[in-house]
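Q: Here the protein sequences come in this chain order: A and B.
If you read the first sequence in the working numbering, its first letter stands for residue 11, the second for the next number, and so on.
If you read the second sequence in the working numbering, its first letter stands for residue 120, the second for the next number, and so on.
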Amino acid sequence: MANVLFWAVLSGVFIQRGYGVWSVALLLACGASLAWGLARRQFAFVAYSAIYGYVGVSSILIRGIRDEILLLGYFVITAITMLVVLVQIARRFGRAA
Amino acid sequence: MRLYSASSEETLRARQLLTDWAGDGFLTKEQYQRLEQGTVSDLRTTNIFLRLVLFLFTLIGVGAAVALFFKVFLSRPSEYTTAVFFLIFAVLCYAAAEFAASQARLYRYGIEEALAACSVGFLCVGMQTSLFRGSPYSAKPDAAQFMVPAAGAVLSLWIWRRFGLWYAFPAAMIFVLFLPGYWTLSHSAQHLTVAAFYATGLICVYAVRSRHRSDYLDDAYSIVAAFLWLGIYLAINLQLWSLNLPAQWWGGTRAGSEFARPFYWATWVLIWCLPPTVLVLGVRQKDRLVIAVGAIVAILTFVTNKPYLGWQRHTWDPMILGMLLTGVAVFIRRWLGRGPCGIRHGFTGERLSGKDKRWANAGSAVFGLLTPQSITPVPQTGGKDFRFGGGASGGGGASGDF
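(1) Within the region 279–355 of chain B, note down every full alpha helix (DSSP H) run reaching 4 residues or more, in order along the chain.
(2) When you compare only the Cα positions, how much space is there between residue 182(B) and residue 189(B)?
(3) CA-CA distance, residue 169(B) and residue 96(A)?
(4) Whose C-beta lies closer than 8 angstroms to the C-beta of residue 24(A) among residues of the same chain, with five residues either side of it excluded?
(5) I believe residue 174(B) touches residue 217(B) by the beta-carbon criterion, under 8 angstroms. Please report the beta-carbon distance rounded to the nearest angstrom.
(6) What span of residues does the alpha helix (DSSP H) with residue 92(A) cover, start to end?
(7) Among 315(B), 177(B), 464(B), 266(B), which residue has its Cα nearest to the Cα of residue 350(B)?
(8) Mapping DSSP to helix, strand and coil, what is residue 248(B)?
(9) Of the residues 301(B), 136(B), 234(B), which one's Cα is nearest the Cα of residue 266(B)?
(10) Note down the Cα distance separating residue 283(B) from residue 340(B), rounded to an integer number of angstroms.
(11) Count the C-beta pairs between the region 33–45 of chain A and the region 61–79 of chain A that are closer than 8 angstroms, then say yes if the count reaches three, no if not.
(12) Using only the alpha-carbon positions, how far apart do residue 456(B) and residue 149(B) sit?
(13) With 7 angstroms as the C-beta to C-beta threshold (strictly closer), list the residues of the region 63–87 of chain A near chain B in chain order.
(14) Taking Cβ positions, are residue 205(B) and residue 176(B) nearer each other than 8 angstroms?
(15) Starting from residue 438(B) and walking both ways along the alpha helix (DSSP H), at which residues does that stretch end?
(16) Based on Cα-Cα distance, which residue from 276(B), 303(B), 299(B) lies nearest to residue 290(B)?
(17) Restricting to runs no shorter than 4 residues, where is the alpha helix (DSSP H) found entirely within the region 141–197 of chain B?
(18) Among residues of its own chain, excluding the 5 on either side of residue 220(B), which ones have a beta-carbon nearer than 6 angstroms to its beta-carbon?
(19) Going along chain A, which residues have a C-beta under 9 angstroms from residue 148(B)?
(20) Take residue 212(B) and list the residues in its own chain whose beta-carbon comes closer than 8 angstroms to its own, dropping the five residues that flank it on each side.
(21) Quick one: does residue 405(B) have its CB under 8 angstroms from some CB of chain A?
(22) So, residue 313(B) versus residue 344(B), is the Cβ gap smaller than 8 angstroms?
(23) Taking three-plus beta-carbon pairs below 8 angstroms as touching, is the region 408–426 of chain B in contact with the region 378–394 of chain B?
(24) Rounded to whole angstroms, what is the Cα-Cα separation between residue 31(A) and residue 13(A)?
(25) DSSP three-state label for residue 471(B), please.
(26) To the nearest angstrom, report how far apart residue 85(A) and residue 184(B) are at their CA atoms.
(27) Out of curiosity, what's the CA-to-CA distance linking residue 41(A) and residue 55(A)?
(28) Out of curiosity, what's the CA-to-CA distance linking residue 411(B) and residue 347(B)?
(29) Can you find the residues in the same chain that come closer than 8 angstroms, C-beta to C-beta, to residue 120(B), ignoring five residues on each side of it along the sequence?
(30) According to DSSP, is residue 389(B) part of a helix, a strand, or is it coil?
(31) Alpha carbon to alpha carbon, what distance is there between residue 88(A) and residue 406(B)?
(32) Identify the continuous alpha helix (DSSP H) that holds residue 426(B) and give its terminal residues.
(33) Which word fits residue 198(B), buried or exposed, when buried means at least 16 other C-beta atoms lie within 10 angstroms of its C-beta?
(34) What does residue 61(A) reach in chain B if we use C-beta pairs closer than 8 angstroms?
(35) To which residues of the same chain is residue 308(B) closer than 6 angstroms at the C-beta, ignoring the five residues directly before and after it?
(36) Measure from the C-beta of residue 184(B) to each C-beta in chain A and report whether the shortest distance is under 8 angstroms.
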């Protein structure tokens, strides 16, 4: 069900015009999914918010970028940022066996 | 050879079993807490969802970093330079994976797995670029080209052994698939070579596995044995290798015209011999994965038998197969249930663990994605006079000729 919702919102984000509402909806959905996942320790929802949020926000941000170096730099920095954030989440809420 | 100590992995396995048993209600909360204290490991693990996400973002980061390096520092690199840097990145990725696992104590954490996977990819790309793109130091590029999949297979096997990543083994098996193509043009020989590789691996696994029946490595060898049995079957079932599979199956033509008749019919005999062999071995050793593979290859044998013989398939064939499978499943379940306490020879039809339920849920979710339309052939239009249309409005077009 959550996947269907995210796919629906993402398809709205991918359209060329009038995607502002869908972007807000995506952010809301990601925030809600993250909060729910952390509160209930349902890490699938944390993963949903990370992946769908990253894909959606990236599609908006790189839409106008034509410089390949900037584009690749964006992916390097954001991927590292996401890794750091997710590792912190895993350390805080996951279990260190 | 393994990166993690046996005691660490054994402790993690015990912890996993404890979690399963507690989840199934076999342990009270007090028992679980008391036993859990004895299963503290220094390895850092995470759940499957975060593991997948970390794997994905590591792949994105490494891929983008390598591409950025080439873009910034090498504007128009020669093939030799490109290859050298790919090989350097392969070494760096592998070293990073080793560091993440040994120093940060990451265990199935996604990050070290992605780094190891990147090292395999970069090694293959680097070798392919350096050896087989008109490079001056490549005397016989075509003859030596097998080195690329061979290196991929060897590194994948090493990663499987070193990191204990189960999917590195099927990756190595896929690399092995490409090897015979560089050695011979004969399709029969290629099938035989692949099957021989897998059979050799299987013999090695069974020889080694007997020493690890009761420890944490038994699960790993069970997965490997299951994959190798499946690989051997797929290598000898010639009908599964056809490129235009649906048309050949439903059209009733044989895919084996390119093979010698003795070889073709020998493989037909083998696809009937292999499923019972796998099933018997799996049942005797109580190896669930091997039993599952035995069931899968048995079904594949039923499915491919008609195309093998060149017989015409019918739209009701899947239905008959489904009824047969249902009947077999119901019979086995009832037969087990009629045993003393519902148990026969150590097997029961009852669900014992929450794992079974998770497997069943995952299976039903996967099979739920396969709609009947995707496995049922499109009805063939036989006559030339067949015409669509003509249905009048009202009565649902019942007056039309379709």
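A virtual CB, placed ideally from N, CA and C, is assigned to each residue, including glycine.
A: Checking against the coordinates, here is how it stands:
(1) Runs found: 287–297, 306–328, 336–355.
(2) Straight-line Cα distance between these residues: approximately 11 angstroms.
(3) In a straight line, the C-alpha of residue 169(B) is about 7 angstroms away from that of residue 96(A).
(4) Excluding residues up to 5 positions away in sequence, 69 lie with their Cβ nearer than 8 angstroms to the Cβ of residue 24(A) in the same chain.
(5) By a beta-carbon distance limit of 8 angstroms, residue 174(B) does not contact residue 217(B). Their separation comes to about 17 angstroms.
(6) From DSSP, the alpha helix (DSSP H) with residue 92(A) extends over 78–103.
(7) Of 315(B), 177(B), 464(B), 266(B), the residue nearest in Cα terms is 315(B).
(8) Residue 248(B): helix per DSSP, three-state reduction.
(9) Closest option to residue 266(B), Cα to Cα, is 301(B).
(10) Taking C-alpha positions only, residue 283(B) is separated from residue 340(B) by approximately 10 angstroms.
(11) Touching, per the Cβ criterion.
(12) For residue 456(B) and residue 149(B), the distance between alpha carbons rounds to 34 angstroms.
(13) Listed by position, the residues of the region 63–87 of chain A near chain B (Cβ gap below 7 angstroms) are 78, 79, 82, 83, 85, 86.
(14) Contact annotation: residue 205(B) and residue 176(B) have beta-carbon atoms that are not nearer than 8 angstroms.
(15) Here the alpha helix (DSSP H) through residue 438(B) covers 436–456.
(16) Cα-wise, what sits closest to residue 290(B) is 276(B).
(17) Runs of the alpha helix (DSSP H) lying entirely within the region 141–197 of chain B, each at least 4 residues long, are 148–155, 167–192 in chain order.
(18) The beta carbon of residue 220(B) lies closer than 6 angstroms to those of 122, 231 in the same chain, with the five residues before and after it left out.
(19) Here the premise fails: no neighbours, minimum Cβ distance about 17 angstroms.
(20) In chain order, 181, 234, 235, 237, 238, 241 place their CB closer than 8 angstroms to the CB of residue 212(B), counting only its own chain and leaving out the 5 sequence neighbours on each side.
(21) No, no contact with chain A.
(22) Note that the C-beta distance between residue 313(B) and residue 344(B) is not below 8 angstroms.
(23) Short answer: they touch.
(24) Residue 31(A) and residue 13(A) have their C-alpha atoms roughly 19 angstroms apart.
(25) Looking at residue 471(B) - three-state DSSP - the assignment turns out to be coil, as it is neither helix nor strand.
(26) For residue 85(A) and residue 184(B), the distance between alpha carbons rounds to 8 angstroms.
(27) Distance between the alpha carbons of residue 41(A) and residue 55(A): 10 angstroms.
(28) One Cα belongs to residue 411(B), the other to residue 347(B), and the distance between them is close to 13 angstroms.
(29) Counting only residues of its own chain and dropping the five nearest sequence neighbours on each side, residue 120(B) has a CB closer than 8 angstroms to the CB of 280, 281.
(30) The DSSP-derived three-state label of residue 389(B) is helix.
(31) Residue 406(B) and residue 88(A): Cα-Cα distance of roughly 44 angstroms.
(32) Start and end: 407–428.
(33) Exposed, because fewer than 16 other Cβ atoms sit within 10 Å of the Cβ of residue 198(B).
(34) Those within 8 angstroms of residue 61(A) in chain B are 172, 175.
(35) Result list for residue 308(B): empty, nothing under 6 angstroms.
(36) Chain A, which has a Cβ nearer than 8 angstroms to the Cβ of residue 184(B), makes this yes.
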